[in-house]
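Residue numbers (the numbering used here): 19 to 267. Even glycine gets a Cβ: it sits at the ideal position worked out from N, Cα and C.
Right under this line is the structure:
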């Protein structure tokens, strides 16, 4: 992570854990714009951006399937919440399939967030948590609950058939759900989670993870697909990319 960039995060309450991965804040207090690289991580993000030019800009970011390079403007703050797969249906009540690798601008006032709420990550997270709790008006379908828990517990190292059998839900229906709400099939989503989880190994200098992949060539192919880099290049922390991704977890 560049020294000028500051990042902090908070975990959600137990009630929101099935839907929310984390609340986070990135700050650039310096006098220059900073380049930031991101990789697919399996999260749906809500962004709340603030600087002198844009006092409050809110956007919803869909799942990403490739690496991106962006900029964090000088003297700016970006707060966000990373959402899990069930959040589209149960918290947002909105499919994000049409914003795969894209984003949309949301109206000012979404979730009741105001400019003053961006001054503190705790305040921001507490207010959003209350809003999300108010959206949970329907019980979770037990099939979807089992599906989601297995996907995250295994970091994507599970087959559609295994999930189907455990959740008592057909593979066809599961993929229909993923395509409808998220915009990609389950296998593709699991591949992204496996890619993300492999950073645990890279962080400690292991160029091939001990679990999740049958052979090294398959692993290298997946890493290059989602990052355009080799595992060795990622482990060498080229252009600070590796830490920028990993430090958010």
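Spatial distance of residue i from residue j (CA atoms)
{"i": "residue 16", "j": "residue 194", "result": "What is shown of the chain runs 19 to 267, which leaves residue 16 out entirely."}
{"i": "residue 72", "j": "residue 160", "result": "42 Å"}
{"i": "residue 2", "j": "residue 63", "result": "As displayed, the chain neither begins before 19 nor continues past 267, which places residue 2 out of reach and without an answer."}
{"i": "residue 247", "j": "residue 240", "result": "10 Å"}
{"i": "residue 39", "j": "residue 45", "result": "20 Å"}
{"i": "residue 37", "j": "residue 84", "result": "23 Å"}
{"i": "residue 75", "j": "residue 124", "result": "8 Å"}
{"i": "residue 165", "j": "residue 185", "result": "6 Å"}
{"i": "residue 219", "j": "residue 58", "result": "17 Å"}
{"i": "residue 207", "j": "residue 182", "result": "15 Å"}
{"i": "residue 127", "j": "residue 197", "result": "29 Å"}
{"i": "residue 107", "j": "residue 205", "result": "19 Å"}
{"i": "residue 115", "j": "residue 249", "result": "29 Å"}
Outcome for residue i when other beta-carbon atoms lying within 10 angstroms are tallied against a minimum of 16
{"i": "residue 50", "result": "exposed"}
{"i": "residue 190", "result": "exposed"}
{"i": "residue 68", "result": "buried"}
{"i": "residue 224", "result": "exposed"}
{"i": "residue 209", "result": "buried"}
{"i": "residue 53", "result": "exposed"}
{"i": "residue 95", "result": "buried"}
{"i": "residue 47", "result": "exposed"}
{"i": "residue 233", "result": "exposed"}
{"i": "residue 102", "result": "buried"}
{"i": "residue 105", "result": "buried"}
{"i": "residue 80", "result": "buried"}
{"i": "residue 60", "result": "buried"}
{"i": "residue 217", "result": "buried"}
{"i": "residue 252", "result": "buried"}
{"i": "residue 259", "result": "In this predicted model, residue 259 has a pLDDT of only 45, less than 50, meaning its place in the structure is not dependable; the value taken from the coordinates is given anyway. With 16 or more other Cβ atoms within 10 Å, it is buried."}
{"i": "residue 157", "result": "exposed"}
Contact set for residue i: own chain, Cβ-Cβ below 8 Å, skip 5 residues either direction
{"i": "residue 142", "result": "41, 43, 66, 97, 131, 135, 136"}
{"i": "residue 180", "result": "168"}
{"i": "residue 34", "result": "147, 150, 151"}
{"i": "residue 226", "result": "219, 234, 237, 249"}
Per DSSP, the bridge partner or partners of residue i
{"i": "residue 52", "result": "90"}
{"i": "residue 190", "result": "Paired residue(s): none; residue 190 is not in a bridge."}
{"i": "residue 40", "result": "100"}
{"i": "residue 78", "result": "64, 122"}
{"i": "residue 27", "result": "42"}
{"i": "residue 95", "result": "45, 68"}
Same chain, Cβ closer than 6 Å to residue i, five either side skipped, listed in chain order
{"i": "residue 215", "result": "173"}
{"i": "residue 213", "result": "240, 244"}
{"i": "residue 153", "result": "109"}
Sequence-distant residues of its chain with Cβ nearer than 7 Å to residue i (five each side left out)
{"i": "residue 149", "result": "129, 130"}
{"i": "residue 139", "result": "26, 28, 41, 43, 97"}
{"i": "residue 113", "result": "106, 198, 199"}
{"i": "residue 192", "result": "165, 178, 181, 182, 204"}
Taking three-plus beta-carbon pairs below 8 Å as touching, is the segment 173 to 182 in contact with the segment 75 to 93?
-> no
Three or more C-beta pairs below 8 Å linking the segment 112 to 131 and the segment 200 to 210 | yes
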